[in-house]
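Residue numbers (the UniProt record's numbering), protein chains in the order written: chain A, 1 to 339; chain B, 1 to 339. Notes for the one structure printed next.
Structure representation (C-alpha cells):
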C-alpha cells in the first residue's frame with residue numbers, strides 16, 4: 001500500500017537479526033558495548049583500506065545471517081551498497097556470499113534505502129528473507145573523497161569523521177524481532193550548499209523534507225515515535241534539521257537523536273561527529289536495535305538516514321550538493337519485546 | 001511470489017511508455033530510426049561530458065513520462081543509477097524531476113535491475129507508476145575508467161565502446177503496453193578475468209548463470225522466448241555466453257541477441273561492439289520495445305543486462321572482475337499488441 005511517498009508494510013516484516021562491527025576509535029564510544037566485533041586494528045588484517053572495508057561488510061552480513069539462526073547463504077538476496085566508487089565493497093562482499101545481489105546507492109542513507117526495499121521484497125512475498133547492509137571506512141573515504149591521509153591535512157571545524165564500521169540486518173517475512181511497518185522514499189533536495197566539508201548543512205534539508213513527508217503521509221505527530229533517528233547530520237546538521245522542521249510546524253527536538261552526533265565519545269576530536277554509510281548502519285544495527293529488542297522506553301523508531309549525492313567530479317565542476325533521506329519506521333510489539 | 005532467484009509479477013505491470021536518446025555515432029546504427037532524440041552533438045549543448053550525460057538521462061526520463069500521457073512528476077518514484085562515481089547522473093537528474101528517488105547500481109545491468117525493482121514496486125501495490133532509467137556517455141566513461149581522450153590511446157581488439165545514450169521506461173500497475181511478468185536477481189560471478197579491456201569475457205559467465213537460473217526457476221526452455229537479449233557482452237562475450245550455456249544444456253543460439261553486438265553499424269570501428277549502461281537501456285527502450293509494441297514475431301523477451309562490478313581501485317589493487325546479470329521477462333499479450 002502506498003500513500004504519497006510512503007509505502008506501508010501490511011505484513012510487518014521483522015528484523016530477525018542484526019550485526020555490526022566497528023573500528024577502535026568508534027568502539028571507544030557507545031558502539032563499544034554493542035557491536036558484535038570491536039576491531040583493535042582498523043586494517044582488519046588486510047593490506048589495503050578498501051579490503052578492510054570490504055571485509056567488515058562481509059563480516060557483518062555473515063554474522064547477521066548466523067545470528068538469525070540460518071545457514072550461510074540462508075537468505076534470498078543481499079541489498080547493499082557503500083560509498084566507494086562502483087560500490088565495490090558491496091559487490092565484492094556479495095561475491096563471497098554467493099547470494100543474489102541487488103546493488104543500491106544512496107550515499108550515507110544506504111542503510112535506510114536497503115531496509116525500505118527489503119521491507120517491500122519481504123512484505124510483498126517476493127522474498128522470504130533478505131539482508132540489508134552497508135558500511136564505510138575512514139581511511140578509504142578520505143583517500144577517495146578528500147586527501148591521502150599521509151598529507152596530514154587539517155580538518156575544518158564543520159567537518160565530520162567517516163565511521164569505520166558496518167552493519168547488517170536480516171529482514172524476514174515471519175519471525176521474531178522489531179517490525180518494519182512503513183517507509184518513506186526521499187526526494188533529492190539541494191539548498192545550494194557547495195562546501196564539501198559541511199555535509200550536515202547540506203543534508204539537513206533533505207532529512208527535514210523526508211520526515212515531513214512521512215508525518216504527512218502517515219498522519220502521525222513527531223511524538224508517535226520514541227526516537228526519530230537521523231543518519232549522520234552531526235552536531236550542526238542536527239540543530240539545522242530541528243530548526244527547519246520547527247519552522248514547518250513539526251517539533252522533533254524532544255525525541256530526535258542523530259547517529260553522527262552520538263557515535264563518538266565526547267573526548268574524541270572529530271568536530272561535528274561521525275558520518276559515512278557505516279555510521280547509521282552500525283548505530284542502528286548495534287545500539288538502537290538492541291534497545292528495541294530489550295523493550296523499555298524505545299519501542300517506535302523512525303530511522304531517517306541521510307545521504308549526500310555528490311562526487312569529487314561534480315564538486316570540481318562547481319555543482320552544489322544534492323542530498324536525500326529515506327526513512328523507515330521500526331516498531332517493537334505491544335509487549336515491548338519486538339516480537 | 002518467489003521461486004529460487006526469480007520473482008513473479010502476478011499483476012503483470014505494464015511498460016506504458018519508454019523513451020531513448022543517443023549520440024551521433026550510435027544513431028548511425030540501428031538506434032537512429034528508433035530513438036526519440038538523435039543527438040547531432042554528443043555534448044548536448046553542455047560544457048562537460050558529465051553534464052551531457054546527466055542531461056540525456058533527464059531528457060529520457062521526462063520524455064518517457066510525457067509519452068505515458070502523464071504530467072511532469074506524474075510517477076511515484078524514479079529508479080535509476082549510472083556508471084559515474086556515486087551515480088551522479090541519476091542523482092542530479094532526480095533532483096531536477098523533484099520525484100522520490102531510489103538510487104541503484106549494477107553497472108551496465110542497471111536497466112534490468114531498475115525494471116525488476118520497478119516490477120516489484122508496482123506489482124506489489126507499493127507504487128502506481130515508477131520510472132526505470134539509466135544511461136552512459138562514451139567520453140565521461142573513458143575519462144573515469146580509462147584514459148583522457150586527449151591522450152589518444154589505442155584500443156585493444158577485445159575492447160568495447162561505451163554507448164552515449166540513455167533510456168527510460170514508465171512501469172505502471174495498470175495500462176497498455178508490454179508486461180513485466182517475472183525477474184531473476186543475479187548472483188555475483190567471477191571467473192577470474194582481470195583484463196579490464198575484455199569485459200565480454202568477464203561478464204559472459206554472469207549472464208549464463210542468471211539465464212540458467214531463470215530457466216530453472218520458471219521451468220522454461222530457451223525457445224519460450226522469441227528473444228533472449230543480453231546487455232553488452234559484445235561479439236566475443238556473446239559467443240562465450242552461448243558456449244557456456246550450451247555446455248550446460250541450454251542452447252540459446254537461435255534466439256540470442258546482444259545489445260552491444262547490434263548497437264553499432266558494422267562500418268563503425270568499435271571492435272567488440274557497444275557497452276555501458278546506456279547500451280542496453282537505449283536498445284531496449286527504443287528498438288526492442290518498439291518491436292514488442294508493434295506485434296509480430298517478437299512477443300516474449302528475456303532481457304538480461306550484464307554488469308561488471310569493478311572499479312579502477314580494485315583493478316589497481318589486483319582484484320579480478322566480479323560481474324552480475326539481472327533478467328526480466330517482458331511479454332506482449334496474446335494479440336501481440338503488448339496491451
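In this text, a Cβ means the ideal position worked out from N, Cα and C, and glycines have one as well.
Checklist entry - Considering residue 239 of chain B, what are the terminal residues of the beta strand (DSSP E) in which it resides? => result The count along the second chain starts at 1 and reaches residue 239 of chain B at position 239. For residue 239 of chain B, there is no enclosing beta strand (DSSP E); the enclosing alpha helix (DSSP H) has its first and last residue at 234 to 247.
Checklist entry - Of all the beta strand (DSSP E) runs that stay within the bounds of the region 88 to 122 of chain B, which reach a length of 3 or more residues? => result Contiguous beta strand (DSSP E) elements confined to the region 88 to 122 of chain B occur at 101 to 103, taking only those with 3 or more residues.
Checklist entry - Under a CB-based cut-off of 8 Å, is residue 311 of chain A close to chain B? => result Counting from one through the first chain, the residue named residue 311 of chain A turns up at place 311. Judged by the 8 Å Cβ criterion, residue 311 of chain A is in contact with chain B.
Checklist entry - Cβ-heavy atom distance between residue 44 of chain A and the ligand COA below 7 Å? => result The ligand COA is absent from the structure shown, which contains no ligands of any kind.
Checklist entry - For residue 291 of chain B, which residues in chain A fall below 8 Å Cβ to Cβ? => result For the purposes of this step, residue 291 of chain B is taken as residue 291 along the second chain, with counting starting at 1. Listed by position along chain A, the residues whose Cβ is nearer than 8 Å to that of residue 291 of chain B form an empty set, because the closest Cβ is around 28 Å away.
Item to check | C-beta atoms of residue 229 of chain A and residue 18 of chain A nearer than 8 Å | outcome: Residue mapping note: residue 229 of chain A aligns to position 229 of the first chain, counting from 1. Residue mapping note: residue 18 of chain A aligns to position 18 of the first chain, counting from 1. Taking 8 Å as the Cβ cut-off, residue 229 of chain A and residue 18 of chain A do not qualify as a contacting pair.
Checklist entry - Who are the neighbours of residue 94 of chain B on chain A, taking C-beta pairs under 7 Å? => result Start at 1 with the first residue of the second chain, and residue 94 of chain B comes out as number 94. Correct list: 188.
Item to check | Other residues of its chain near residue 235 of chain B: CB distance less than 7 Å, five sequence neighbours each side excluded | outcome: Stepping through the second chain from its first residue, residue 235 of chain B is reached at position 235. A distance below 7 Å between beta-carbons, with the five flanking residues on each side excluded, links residue 235 of chain B to the following residues of its chain, in chain order: 261, 272, 273.
Next on the checklist: Taking contact to mean 3 or more Cβ pairs, one atom from each stretch, closer than 8 Å, check whether the region 35 to 44 of chain B and the region 114 to 132 of chain B are in contact.
Outcome noted: A contact between stretches requires three or more CB pairs, one per stretch, nearer than 8 Å, and the region 35 to 44 of chain B fails this requirement with the region 114 to 132 of chain B.
Checklist entry - Taking the Cβ atom as the reference point for each residue, do residue 82 of chain B and residue 162 of chain B lie within a distance shorter than 8 Å? => result Your numbering for residue 82 of chain B matches position 82 in the second chain. Your numbering for residue 162 of chain B matches position 162 in the second chain. Using a Cβ distance threshold of 8 Å, residue 82 of chain B and residue 162 of chain B do not count as a contacting pair.
Item to check | Neighbouring residues, chain B, relative to residue 181 of chain A (Cβ below 7 Å) | outcome: In the first chain, counting from the first residue as 1, residue 181 of chain A sits at position 181. Residues of chain B with a Cβ closer than 7 Å to the Cβ of residue 181 of chain A do not exist; the shortest Cβ-Cβ separation is about 14 Å.
Item to check | residue 278 of chain A vs residue 140 of chain A beta-carbon contact at 8 Å | outcome: What you label residue 278 of chain A is simply residue 278 of the first chain in a count that begins at 1. What you label residue 140 of chain A is simply residue 140 of the first chain in a count that begins at 1. Cβ distance not < 8 Å, so residue 278 of chain A and residue 140 of chain A don't count as in contact.
Checklist entry - Of the choices B:185, B:231, B:317, B:313, whose alpha-carbon is the least far from that of residue 214 of chain B? => result The residue you call residue 214 of chain B lines up with position 214 of the second chain. Nearest to residue 214 of chain B by alpha-carbon distance, out of B:185, B:231, B:317, B:313, is B:185.
Next on the checklist: Pull the bridge partners of residue 132 of chain A from the DSSP assignment, please.
Outcome noted: Here residue 132 of chain A is taken as the residue at index 132 of the first chain, counted from 1. A:79, A:169, per the DSSP bridge assignment.
Item to check | Local Cβ density within 10 Å of residue 1 of chain A, reported as buried at 16 or more and exposed below that | outcome: Counted from its first residue, the first chain places residue 1 of chain A at position 1. Under this definition residue 1 of chain A is an exposed residue.
Item to check | Bridge partner(s) assigned by DSSP for residue 16 of chain A | outcome: Here the question's residue 16 of chain A lines up with position 16 in the first chain. DSSP lists no partner for residue 16 of chain A.
Next on the checklist: So, for residue 100 of chain A: in the same chain, excluding its five sequence neighbours on each side, which residues have a beta-carbon less than 6 Å away from its beta-carbon?
Outcome noted: On the first chain, residue 100 of chain A is found 100 positions in, with the first residue counted as 1. The answer, listed in chain order, is 77.
Next on the checklist: Strictly below 8 Å CB to CB, what residues from chain B border residue 127 of chain A?
Outcome noted: Stepping through the first chain from its first residue, residue 127 of chain A is reached at position 127. Ordered by position in chain B, the residues that pass the 8 Å Cβ test against residue 127 of chain A are 2, 7.
Checklist entry - Start and end of the beta strand (DSSP E) containing residue 230 of chain B? => result In the second chain, residue 230 of chain B corresponds to position 230, counting from 1. 227 to 230 is the extent of the beta strand (DSSP E) around residue 230 of chain B.
Checklist entry - Quick one: Cα of residue 152 of chain B to Cα of residue 195 of chain B, how far? => result Taking the first residue of the second chain as position 1, residue 152 of chain B is located at position 152. Taking the first residue of the second chain as position 1, residue 195 of chain B is located at position 195. When rounded, the distance between both Cα atoms is 20 Å.
Checklist entry - So, are the CB atoms of residue 206 of chain A and residue 189 of chain A less than 8 Å apart? => result To locate residue 206 of chain A, count along the first chain from 1; it is residue 206. To locate residue 189 of chain A, count along the first chain from 1; it is residue 189. Yes, they are a contact pair.
Next on the checklist: Against chain A, with Cβ distances strictly below 8 Å, would residue 113 of chain B count as a contact?
Outcome noted: Working through the second chain from its first residue, we reach residue 113 of chain B at position 113. Taking 8 Å as the CB threshold, residue 113 of chain B lines the interface with chain A.
Item to check | Unbroken stretches of the beta strand (DSSP E), 3 residues or longer, contained in the region 138 to 198 of chain A | outcome: Correct list: 165 to 172, 179 to 184.
Checklist entry - Whose C-beta lies closer than 6 Å to the C-beta of residue 92 of chain B among residues of the same chain, with five residues either side of it excluded? => result As a first step, residue 92 of chain B must be located in the second chain, where it is residue number 92. So the list reads 54, once near-sequence residues are dropped.
Checklist entry - Counting along the chain, where does the beta strand (DSSP E) carrying residue 344 of chain A start and finish? => result Past the boundaries of the shown model lies residue 344 of chain A; chain A is included only from 1 to 339, so the question cannot be answered.
Next on the checklist: On a Cα-Cα basis, can you pick out the residue from A:26, A:197, A:90 that is closest to residue 312 of chain A?
Outcome noted: The residue labelled residue 312 of chain A in the question sits at position 312 within the first chain. Out of A:26, A:197, A:90, the CA that lies nearest to the CA of residue 312 of chain A is found in A:197.
Checklist entry - So, residue 302 of chain B versus residue 322 of chain B, is the Cβ gap smaller than 8 Å? => result Walking along the second chain from the start, residue 302 of chain B turns up at place 302. Walking along the second chain from the start, residue 322 of chain B turns up at place 322. Against a cut-off of 8 Å, the Cβ pair of residue 322 of chain B and residue 302 of chain B comes out as no contact.
Checklist entry - Where residue 174 of chain B and residue 144 of chain A are concerned, what is the direct C-alpha to C-alpha distance, given to the nearest angstrom? => result Here the question's residue 174 of chain B lines up with position 174 in the second chain. Here the question's residue 144 of chain A lines up with position 144 in the first chain. Taking the straight line from one Cα to the other gives about 44 Å.
Checklist entry - Per DSSP, what kind of secondary structure is residue 293 of chain B in: helix, strand or coil? => result Start at 1 with the first residue of the second chain, and residue 293 of chain B comes out as number 293. Correct three-state label for residue 293 of chain B: helix.
Checklist entry - Taking the continuous alpha helix (DSSP H) assigned at residue 65 of chain B, which residues delimit it? => result Walking along the second chain from the start, residue 65 of chain B turns up at place 65. Counting along the chain, the alpha helix (DSSP H) containing residue 65 of chain B begins and ends at 49 to 67.
Item to check | Within 7 Å of chain B by C-beta, residues of the region 144 to 165 of chain A in sequence order | outcome: Correct list: empty, as no residue qualifies.
Checklist entry - Run through DSSP, which three-state label would residue 125 of chain B get? => result On the second chain, position 125 is the one that residue 125 of chain B refers to. Of the three classes helix, strand and coil, the one that applies to residue 125 of chain B here is coil, per DSSP.
Item to check | Same chain, Cβ closer than 6 Å to residue 34 of chain A, neighbours up to 5 away in sequence not counted | outcome: Position 34 of the first chain, counting from 1, holds the residue named residue 34 of chain A. Excluding residues within five positions, the ones whose Cβ falls inside 6 Å are 286, 287, 290.
Checklist entry - Of all the options B:106, B:63, B:284, B:118, which has the alpha carbon lying nearest to the alpha carbon of residue 183 of chain B? => result Residue mapping note: residue 183 of chain B aligns to position 183 of the second chain, counting from 1. Nearest of B:106, B:63, B:284, B:118 to residue 183 of chain B, Cα basis: B:118.
Checklist entry - In its own chain, which residues sit with a C-beta less than 6 Å from the C-beta of residue 70 of chain A, not counting the 5 before and 5 after it? => result Locating residue 70 of chain A in the first chain gives position 70, counting from the first residue. Closer than 6 Å at the Cβ level, and outside the excluded window around residue 70 of chain A, lies no residue.
Checklist entry - In the DSSP assignment, what are the bridge partners of residue 6 of chain A? => result For the purposes of this step, residue 6 of chain A is taken as residue 6 along the first chain, with counting starting at 1. Partner(s): A:3, A:184.
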